[in-house]
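Residue numbers (my numbering), protein chains in the order written: chain A, 1 to 359; chain B, 1 to 359; chain C, 1 to 359; chain D, 1 to 359; chain E, 1 to 359. Ideal placement from N, C-alpha and C gives every residue a C-beta, glycine not left out.
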C-alpha cells in the first residue's frame, strides 16, 4: 500500500530534523520528477504568454498591474529554486519549510502579503492499481499564484488549455479565480478515487455473499485502512476551503460563490465516504456471521451422523462380546430382530432431530 | 437496491466532468420522463391561470405585481429549457449546473435575487417494492417559484388542486407559502417511507424470534444500508428547513411559523429513524445469540448422547477381546451382571448431567 | 409492548394526512376516554370556583383580571371542542393540529399571545404491567392555562386538591406557577417509571448470575427497546423546561427558580437512565460470556471423558481381532497385564489433563 | 454493592413524594448519625471561637462584620434543625428540600443572598471494603458558610485544625476561601478512591494473564458498574467548580486562582478515570480471547487424539469381523504387518498435523 | 510498563498530601538526577554568558533590560532551590506546588507577572526499550524564562548551541521565542516516539498475517494501553500551544506565527495517533477472526475424518457380532462385497462433502 510507505519515510526524515532551527530548508520526501521545471504563465483578458525555465528568472516578482502571473513549479527537491522564489516574493521561512516537506496536512495560513495553502492531489495510478498522493503548495498573492508540485503529472493541463483558448471566465478574472480553478480540479479528482473505492466495496460485498474467505477479511481490513488514510487528506481540505471563502482581502465576492460550490462538493465526498465506512463496518459482521454459519452447518450435519451411529455401534459391540453364556446369541431369530431394532433406533433419532428442527 | 445504482452512475458522470470549467451544463442523470413539460401557474386571491408548454415562453419572467407565478418543470435532460429559464430569471451558472446534476445533497443557497433549494423526493414504488429517490431544485424569488423535477409523478397535484379550489390559505399568501407547501408535501412523504421501514423492522423482528436464518441477517444488512442512504437525504433536509426559516428577505413571519412546524416534523422523522437504527443494531446481537444458542443446544444433546455410550462401548469392546484366559467369560452370571453394570453407569452419568444442569 | 403499537397506528394516520393543507384538524390517535369532559377552575388568593361541562361555554375566554383560569380538557377526539376553544382563545391552526395529533415530541413553541407546550405523561399501568404514554398539550396565556389530555386519569387530582385547600403557594401565584405545578407532577411520575425499570434491571441481573437463558436475552432486548422509546420522551422534555425558564414574558422570576428545580430533576432522571443503558450493555456481554462459559464447561468435561476412553477402546478392539496367529492371546498373564496397561493409560491421561489445568 | 442500594431506597422515597407541593421538607435518606450535632466556628485573623450545640441557637445569623462564621451541621434527619437554620438565614424552600434529600447530583445554584452547592464526599471504608458516598450541602454567604453533612466522619477535622493553629492562609481570608478549603479536601479524597480503583484494575489484569475465570469477568463487570456510578459524582463536580470560579460577587480574585487549581485536579481525576474505562473495556476483549483460546487449545489436542485413533480402531474392528472366509486372518505374518501399518498411519497423521501447524 | 508505575507512585503521594493547606511544597516524584544543577544563560544579539551553579544566586531576578535570562533547573527534589527561585521571582504558591509534583497534565496558567506552562518531554530510552516521560515546568516572564526539569538529559543542548553559535533567529528575539524553541524541540521529540509506535504497529500487523498467537493479542493490548497514556500527554499539549498563541502580552506577533507552526505539528501528531488507534482496533478483529478461522479449519478436517470412519466402524462392529445364525458370515463372497460397500460409502461421503464445499 502506498500510504504507510509515505508515512514511514516521512517520520524518518522528520526525526532527523529534530533540533534544527525553524525555517531550515531540508527536502524530506522522495524525488518524484526527473527534471525540475518552472512554468510562468502571464495572462489578462486580452492576451497571454507562457514561458518555461529550468532556473528562477531574476525579475519573477515584477508583475504588470493588469495581468495575473501563475508560476507553476514541478519538483521541490532543488532547494535553491524554492529559496530564490521565496526571496523574491518575500515568503516566510516557515512557508518555505512546509513547501519542501511533502507530508503536510492540508491547511490554510495567512502571512503578510499572501495566503499559503497546502492541499493533496490524489490520482488513481492505473498501472500500479493504487492511489498516488502528491502534495501541492499554493501561494496566493493579489496578482500572482505560485504552485509547488511534487510531480509533473498533467492534472493542470486542462486549466492551461482554458487560459490559452480563453474558455470560461478564467481570463476575465483575477488570481483568486485561478486558485479556485486549481482547487476545483483537485477536488474533482477525489470523485474519481471515490468511484474506485465504490467498485472495491461492491466487489467485496459480492464475495461476501457468494463465498466469504479469510482473504475477503484481509481485503476489508485493507480497504478500511485506505479509508482511514484518505480521511486524513479529505477532512482537513474541507476546513481549507471553508476558511478560504472568508478571506475577503484575497477572494472577491464573485469567486466566493464558486468556492461555496467546491465546499459543497467536499461535503458530498465526505458523505459518501462516511457511507462507505458504515457499509464496511457492517461487512465485518456479515463476514463473521457467514463464516460461523457455514462452520455451524458442517458441525451440525457431521455430529448428527456420528450420533445416530453411536448407539448402533454400541449394540454391535455388545453382541460381539465373547461370554460363553449369552442366550440371545443362540436364538436364530435374534439376528434379524436386532437389525430391525437398529433400524428403529436410527429412525427414532432422525425423527427426533427433525422435530427439533436440527435437520 | 436503488441507491448504489444512482450513486454509481453519478460517479461515472462526475468523473467525466473532471476539468471542465464551472457552470458547464451537462446532464449527469438518467432521463426519467418521456417528454419534458413546463407548467405555468399564475394566481392571486381572486383568480388563477394554468398553462402547459413544451418550450420556454419568451416572457416567462414578466410577472404581474399582484400575482404569484409557479413554473413547474418536469424533466431536466433538455438543457436548452434550463438555459432559457436561467437566462430569463438571471440564474447563476452554478445554480443551473446543480439543477441538471441529479445527485446533489439537499442544500439551501442564497444568490442575488433568489434563494436556491435542493431537496429530494422519496416515494414508495409499489410495483418494484423499492424506494424511488428524485431530486427537486426550487428557485424562490419574491413573486415567483420555479421547481425543476426529474420525473412527472403526481406528488404536487394536491397543491395544484388547492390553488384551483382555493382550499386553505395558499391563494391568499405569497411565493414563500407556495415553497412551504411544496416542502411540506415532500416531508410528509417521508412519513410514508418510515412506515414501510417500520413494517420491515417488525417483520424481521418476528423472523428473529421464530426462526432466525442467514437470510434474516442479510435482510438486516440491507435494511441497515437503506437507512444509511436515507439518512443522507433526511439529515441535510433539516438544515435546509432550519436555514430557510431565517431568510427574512424572502420568508415573511406568518410563513416562518409554518416552516417551524415542518422543522418539527423532520426532527420527529429523525428521531424515529434513530430508534430504528438502535433497534436494528440490537437485532444483530439477538441474531448472533439465537443462532449460537440453537447450535449450542444441538451440540449439547448430541455430545451427551455420545458420552453416555462411550464407556459402555468400551466395556462391550473389552469383553469382545479374544484372550484365551479371560475367566469372567466362562462365568454364567457375568453376562447379566455386566448388563446391570452398564445400566448403572448410564444412570449415574445421566444423574451427573442432571445435577450439573446440563440436561 | 405499548410503544410500537402507538407508533404504528400513528404512522398510518400521518400517511393518510399527506397532502392536506396545514392546520386541517384530523384526530390521528385512538379514543382513550369514554366521554369528553371540560373542567374549568377559576381561582385567586381569596376564592376558587370549579365547573364541569360537556360542551365549550360561550364566554370561556372572558377571564377576570385577578383570577387564574385553568381549563382542563380530557379527551381530544371531539374536534368541535378543540375548534371552539381555539377560536375563542385565538389559537394558531398549527397549535390545534398538534393538539389532536397524539404522537408529538415534547416541544415548546411561542405564538402570539401564548406559549404552547407538548409533554408526555408516563404512568405505570399495574393491571397490564406496562408503561402507558399519554400526550398533554398545554396553552399558557397570561391569565389562563388550557391543558388538553388524551385520557381522564387522576394525575392532576393532587393539584386540584391544592387549589381547593389552598395548600402551598399555588393560590397566591399566577398561571405560570400552575403550569410549573403540572410539569412538576408529570416529571415526578417519571421517577416512578424509573423505579420500575430499576427493578427490572435488578431482576434480569439476578437471572444473569444464577441461570442465564435465552429468555433473559429477550428480556434484555425488550428492556433496551423500552429505554430507547422512553429516551424519546425524556430527552426533549429537558429542552422544553430549559427553554421555558427563559420565556420572561410569561414566566416571572419566582417561578423560574422552581423551573430550575424541575430541570435539575430531569437531569437526574437522564443520568440514571444513562446508567441503566450502560449497565444493560454490560449485561449483554455477561450473558454471552456466561452462556459460552457454561457450554465450554460441558464440552470440556464430555470431551475429556471421550478422549480417555478412545485409546482404551482401541486396545480392546485390537485384541478383539480374529487373526489366527496372535501370540499374546494365548499367554495367560496377558489379560491382567492389558488391564493394568489400560489403567495406567487412563491415569496418565488424567494427570496430563490435570497438569494442563483442563480438569 | 453500595450504590444500587442508595439508588433503590431513594427512588422509593422520591415516588412517595410525588404530588406534594414543592418545598415540602421530607427526609428521604437513611439516618447515618447517632446524634445530630451543630458546630459553630467563628474566626478572623486575630481570634477564633468554637461552640457545639444540639439545637439551633436563636442568634445564629447575627455575625460580626470582621469574622467568618462556619456552621457545620452533622446529620440531616432532624427537620426542625434544617427549618430553623433556613428561617434565620432566609434560605429558599427548594434549597432546604435539596439539603434533606441525600440523592442529589452535585450542582451549584445561585439564590438571593447566597450560593448553594451540593457535592458528594467519597470515602473508602476499610472495614467493609467499599466506597461510602455522602452528600454535603454548602451555603456560601458573604460572611458565613453553612455545611450540611449526612454523617459525622472526621473529614473536616484537618480544616478545623488549620483554623485553630492558624496554619496557611485560612484565618486571613474570607468565607469563599473556607468553601474552597472544604471542596479541596473533598476532591483530594477522590484521589484516594482512584488509588483503590487503580489497585483493583491491577489485580484483575494480573488474574487475566495468569488464570482467567468467570469470576474475573464478574469482577470486571462490578468494577465497570462502580466506575459508572462514580462518574455520576465526579463529572458534575467539574461543572460546579467551573461555575463557582465565575461567581464574582461571592468569590474574590485571590480565591479564584485556588479554585482554578481544584478544577485542574478534577480534570486530572477525570483523565485517569477515562484511562481506567478504556483499560477495562480492553480487558473484556482479553478475557474473552483468553478463555476461548484456552478452550480451543483443549479441544484441539483432544480432537487430534481422537482422530488418530479413529482409523486405527476401524482397522481393529475390521479384523474383528467373523466372516468365515477372511484369508488374511490365516496368514501368520498378517498380524505383525497390520501392527506396522497402524504405526505408519499414526505417524503419517501426526506428521500431517505438524505440517499444518496444528500440533 | 513505565506508565502505570509513575501513576501508582504518584497516587500514593497525592493521597499522603490529602488535607494539607494548598501551596505546601512536597516533592511527590522519584529523584531522577544525581545532583541538582542550575544553568543560567544571559544573552542578547551581541553577547551571551553561561553560568552553572549548585545553589540559587542572590540576584537571580535582577536582569538587564536588553538581555534575556534563561534559568534551567535540572532536578526538582531539592525544595529549597524551588523556594528561593519562587521568592525571588514572586511565583504564586500554587505554581511552586505544581512544579515539584511531577504528575501534572500539560497546562497553561496565567499569573500576575508571568505565564506558567507544564509540558511533558517524551524520550525513547534505547537501553530499556521504553518511553521515558518527564515533566517540565516553564515560567515565561517578559525578560526571563525559567525551566524546571526532572532529569538532566541533553534534550536542550541543541538550543544552547544555537544561542552560543547565534544560529537562526534566537539571539535576535525575546524570551517568548526562547519558550517557542523549547516547546518546538519537545514536540519534535514526539515524532520520534510516533516512529517507534509505527514500527511496533507494523511488526504486530506482520505477525497477525503470518502466525497470530495469544502473545500477539497481549502485544496489541499493551500497545493500546501505551496509546491511551500517550494521548493523556499529547491532547492537552494542543490546548497549551493554542492558548499560548493568544497570550498577546507575553507573545509578540512574529513568534505567534511560529507557535501556529507548532500547533500544526501537534495536529499532525494527533492525526497519526488517531490513525494508529483505528488500525489497532481493526487488528483485534483480524486477530479474533484469524484464530477462529484456524481453529475452524482444524475442527472441520478432523471432524470429517471421524465422520467418514463412523459408518465404516459400525459395519465392522456389526459383522463382529457373535450370533450363531448370521448367514452372511458363511458366504465366501460376503467379505469382498463388504469391502467394496465400505469403499463406496467412503467415496459417497467424500463426494457429498465436496459438493457442499466442506472439503
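Next item on the list: To the nearest angstrom, report how far apart residue 116/D and residue 261/C are at their CA atoms.
Entry: About 13 Å.
Item checked: Limits of the unbroken alpha helix (DSSP H) element including residue 37/A -> In the DSSP assignment, residue 37/A falls outside any alpha helix (DSSP H) and within the unbroken beta strand (DSSP E) covering 37-43.
Next item on the list: Name, going along the chain, the residues of the segment 283-307 of chain A whose beta-carbon falls closer than 9 Å to a beta-carbon of chain E.
Entry: If you check each beta-carbon in the segment 283-307 of chain A against every beta-carbon of chain E, the ones closer than 9 Å belong to 284, 287, 288, 291, 292, 294, 295, 297, 298, 299, 301, 302, 303, 305, 306.
Next item on the list: Return the Cβ separation of residue 160/E and residue 138/E in integer angstroms, given the expectation that the two are a contact with Cβ distance under 8 Å.
Entry: That pair is no contact at about 16 Å.
Next item on the list: Please check if any C-beta of chain D sits within less than 9 Å of the C-beta of residue 260/C.
Entry: Chain D, which has a Cβ nearer than 9 Å to the Cβ of residue 260/C, makes this yes.
Next item on the list: Jot down the residue ranges of each uninterrupted alpha helix (DSSP H) in the segment 145-224 of chain D, minimum 4 residues, whole runs only, in chain order.
Entry: The DSSP assignment places complete alpha helix (DSSP H) segments of no fewer than 4 residues inside the segment 145-224 of chain D at 157-165, 175-210, in order along the chain.
Next item on the list: Quick one: which residues of the segment 208-232 of chain D get their C-beta closer than 8 Å to a C-beta of chain C? List them in chain order.
Entry: Listed by position, the residues of the segment 208-232 of chain D near chain C (Cβ gap below 8 Å) are 211, 214, 217, 218, 221, 224, 225, 228, 229, 232.
Notebook entry, point to check: For residue 384/B, does the count of other Cβ atoms within 10 angstroms reach 16, so buried, or fall short, so exposed?
Noted result: Absent from the structure is residue 384/B, since the part of chain B shown begins at 1 and ends at 359.
Item checked: residue 300/C and residue 132/D closer than 9 Å at C-beta -> The answer is no: Cβ separation not under 9 Å.
Check: Helix, strand or coil: how does DSSP classify residue 383/D here?
Finding: With chain D running from 1 to 359 in the structure shown, residue 383/D is simply not present.
Item checked: chain D contacts from the segment 86-105 of chain E (Cβ-Cβ distance under 7 Å) -> Using a CB distance below 7 Å, the part of the segment 86-105 of chain E facing chain D consists of 92, 94, 105, ordered along the chain.
Margin query: Does the CB of residue 245/B have a neighbour CB from chain C at under 9 Å?
Written below: No, no contact with chain C.
Notebook entry, point to check: Interface residues of chain A around residue 268/E at Cβ under 7 Å?
Noted result: Residues of chain A passing the Cβ test: 105.
Note to self: Taking 6 Å as the limit between beta carbons, can you name the residues of its chain near residue 52/C, skipping five residues before and five after?
What the structure shows: Sequence-distant Cβ neighbours of residue 52/C in its own chain, meaning closer than 6 Å and more than five residues away, are 39.
Check: Exposed or buried, residue 59/D, counting other C-beta atoms within 10 Å across all chains shown (16 or more means buried)?
Finding: By the neighbour-count criterion, in which a residue is buried when 16 or more other Cβ atoms sit within 10 angstroms of its Cβ, residue 59/D is exposed.
Item checked: Close-in-space but distant-in-sequence residues of the same chain around residue 92/C (CB under 6 Å, 5 per side omitted) -> Answer for residue 92/C: 111, listed in chain order.
Check: alpha helix (DSSP H) containing residue 48/A: first to last residue?
Finding: Counting along the chain, residue 48/A falls outside any alpha helix (DSSP H), though it belongs to the beta strand (DSSP E) covering 48-53.
Note to self: Buried or exposed for residue 168/B, going by 16 or more other Cβ atoms inside 10 Å?
What the structure shows: Burial of residue 168/B is indicated by the presence of at least 16 other C-beta atoms within 10 angstroms of its C-beta.
Checklist line | residue 122/A versus residue 264/E: straight-line alpha-carbon distance, rounded | finding: Roughly 22 Å between the two C-alpha positions.
Next item on the list: Spatial neighbours of residue 77/A within its chain, please: CB distance less than 6 Å, with the 5 preceding and 5 following residues excluded, ordered by chain position.
Entry: Same-chain partners within the cutoff: 27, 31.
Notebook entry, point to check: Do the segment 320-337 of chain C and the segment 312-330 of chain B touch if we need at least three Cβ pairs shorter than 8 Å?
Noted result: The segment 320-337 of chain C, when compared against the segment 312-330 of chain B, does touch it at the 8 Å Cβ threshold.
Notebook entry, point to check: According to the neighbour-count rule (16 or more other Cβ atoms, all chains shown, within 10 Å of its Cβ), is residue 336/E buried or exposed?
Noted result: A residue is called buried when at least 16 other Cβ atoms come within 10 angstroms of its Cβ; residue 336/E does not meet this threshold and is exposed.
Item checked: residue 317/E versus residue 293/E: straight-line alpha-carbon distance, rounded -> Taking the Cα positions, residue 317/E is about 36 Å away from residue 293/E.
Checklist line | Per DSSP, the bridge partner or partners of residue 70/A | finding: BP columns for residue 70/A point to 41/A, 145/A.
Next item on the list: Classify residue 82/A as helix, strand or coil using the three-state DSSP reduction.
Entry: The DSSP-derived three-state label of residue 82/A is helix.
Item checked: Buried or exposed (CB count within 10 angstroms, at least 16 for buried), residue 148/B -> Burial is judged here by how many other beta carbons sit within 10 angstroms of a residue's own beta carbon; residue 148/B has at least 16 and is buried.
Notebook entry, point to check: Roughly how many angstroms separate the alpha carbons of residue 189/D and residue 303/E, rounded to a whole number?
Noted result: If I take the Cα positions, the gap works out to 59 Å.
Notebook entry, point to check: Would you call the CB atoms of residue 74/C and residue 184/C closer than 9 Å?
Noted result: Judged by beta-carbon spacing, residue 184/C lies beyond the 9 Å limit of residue 74/C, meaning their Cβ atoms are not closer than that value.
Notebook entry, point to check: To the nearest angstrom, how far is it from the Cα of residue 341/C to the Cα of residue 297/A?
Noted result: For residue 341/C and residue 297/A, the gap between their C-alpha atoms comes out near 40 Å.
Item checked: Residue-chain proximity (residue 130/A, chain E), Cβ-Cβ < 9 Å -> Not an interface residue.
Next item on the list: Look at residue 42/E and residue 64/E and say whether their C-beta atoms are less than 9 Å apart.
Entry: Yes, the pair counts as a contact, with Cβ atoms nearer than the cut-off.
Check: Near residue 25/C, which residues of its chain fall below 7 Å by C-beta distance, leaving aside the five closest residues on each side in sequence?
Finding: Setting aside the 5 residues that flank it on each side, residue 25/C is surrounded in the same chain by 79, 82, 83, 96, 97, 100, each with a C-beta closer than 7 Å to its C-beta; the list follows chain order.
Notebook entry, point to check: Using a beta-carbon distance below 9 Å, is residue 313/A in contact with chain E?
Noted result: Under the Cβ criterion of 9 Å, residue 313/A is counted among the residues facing chain E.
Next item on the list: Pull up the CB-CB distance for residue 217/D and residue 287/D, whole angstroms please, since I reckon it's below 8 Å.
Entry: Cβ-Cβ separation between residue 217/D and residue 287/D: approximately 6 Å, consistent with a contact (criterion under 8 Å).
Next item on the list: Please list, in chain order, all residues of the same chain as residue 345/E whose beta carbon is under 6 Å from its beta carbon, the five residues on each side excluded.
Entry: These residues qualify, in order along the chain: 311.
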